[in-house]
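Worksheet for the structure shown next.
Numbering (the numbering used here), first residue to last: -10 to 372.
Laid out in structure tokens, this is it:
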């Protein structure tokens, strides 16, 4: 056997099979060929590239995937899910780049519909390239530099679209995403409080200080706020794929029951004047009556949803089953109105209860009952 010094056939160093968005749509869910995709990144783990994204390695290790919004030339923005080792490879390569990378080439992706929207998912054979790694990424980087209007373009319809998913889809694919999910309520979970005392200004959680209630939201930080009861009720729901716990926050609880949490708490203490400050209001019949109902829930998955022993998804809005999908504007307004509230109470929402709470929290519950009835019964509500 001798070394072959002259190779008669030219072998390309890199050979990729790029396809258009239309090709992806046509072949979606067929479980046929795998495709390569090259484009520029719009969001990485929910963060824009205006400033270098900070990727949470611990969260990615827990959820086992990272999601990137990628746009190929001037086509629609697509959601790309990188799983397991591919997600790890992406993070290592992304973090090793001196400058924030822009162009992404991913090989052998599978196309599928997730909640009615095209999604690209990695396989075990998937490889990741960025910016100047290979000739196609270099070519795309040059093209992108010549088309700044494309680079700065944002397809908000794709990025902010609230998808209709099953419960199984939510837990399998989603992280810090908004979605719609139709499910049936089979129980209201006991053992933890169904409400919390919020700041009258921003609805974030309020804690008892030396002489007054203090808002825990750093942006508000009101030191003499009026306590207003807000929903934070955990319910058990199911569909034909999975069972889960949803947490009703704020207006979502009101939309289900037709009553404000502050009204229910105030009514209880008015009817039970002998109850002490450490008494926790039991789950009201109004809330129990929702058991057996089927609704379309708008949900928000946050960092806290995969922590603790119980997976719980935050509900931000309730839609009638026959209501058309919300507009882009209403989606943005709804997410913005509930983001601070969900963030401030997220730890308490998603971790399993360990006790009935400390005396300060219990005192603040009773304080709400003795607050001005007009204030307690009329918290700020979105429609």
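For every residue, glycine included, the Cβ atom is placed at its ideal position computed from N, Cα and C.
The model shown is predicted, which means the values in this text are computed figures rather than measured ones.
With contacts defined by Cβ atoms closer than 8 Å, residue 233 and residue 306 do not form a contacting pair. The C-beta separation of residue 24 from residue 92 comes to about 17 Å, leaving the pair out of contact by the 8 Å criterion. Collapsing the DSSP output to three states places residue 221 in a strand.
Taking C-alpha positions only, residue 30 is separated from residue 36 by approximately 10 Å. Selection 111, 83, 102 evaluated against residue 96 yields 111 as nearest (Cα-Cα). Taken atom to atom, the span from the alpha-carbon of residue 48 to that of residue 54 is near 9 Å. Distance from residue 279 to residue 245 at the Cβ level is roughly 5 Å; contact confirmed, criterion being Cβ atoms closer than 8 Å. By the CB criterion at 8 Å, residue 26 and residue 126 fall outside the cutoff. For residue 102, the three-state secondary structure derived from DSSP is strand. Close CB contacts of residue 79 within its chain, under the 7 Å cut and outside five residues either way in sequence, are with 55, 71, 117 (chain order).
When 84, 33, 204, 62 are compared, the shortest CA-CA separation from residue 136 is found for 62. Going by DSSP, residue 126 is part of the alpha helix (DSSP H) stretching over 124 to 135.
The residues 63, in chain order, have a CB closer than 6 Å to that of residue 139 in the same chain once the five nearest residues on each side in sequence are set aside. Looking at the backbone, the Cα of residue 282 and that of residue 57 are separated by about 36 Å.
DSSP places residue 10 outside any beta strand (DSSP E); the residue lies instead in the alpha helix (DSSP H), whose first and last residues are 10 to 15. Membership of residue 199 in any beta strand (DSSP E) is not indicated, and neither H nor E is assigned to it by DSSP.
Assignment of residue 36 by DSSP, reduced to helix, strand and coil, places it in the strand class. Setting aside the 5 residues that flank it on each side, residue 210 is surrounded in the same chain by 204, each with a C-beta closer than 7 Å to its C-beta; the list follows chain order. In this structure, residue 159 and residue 304 do not form a Cβ contact; the two beta carbons are roughly 12 Å apart against a cut-off of 8 Å.
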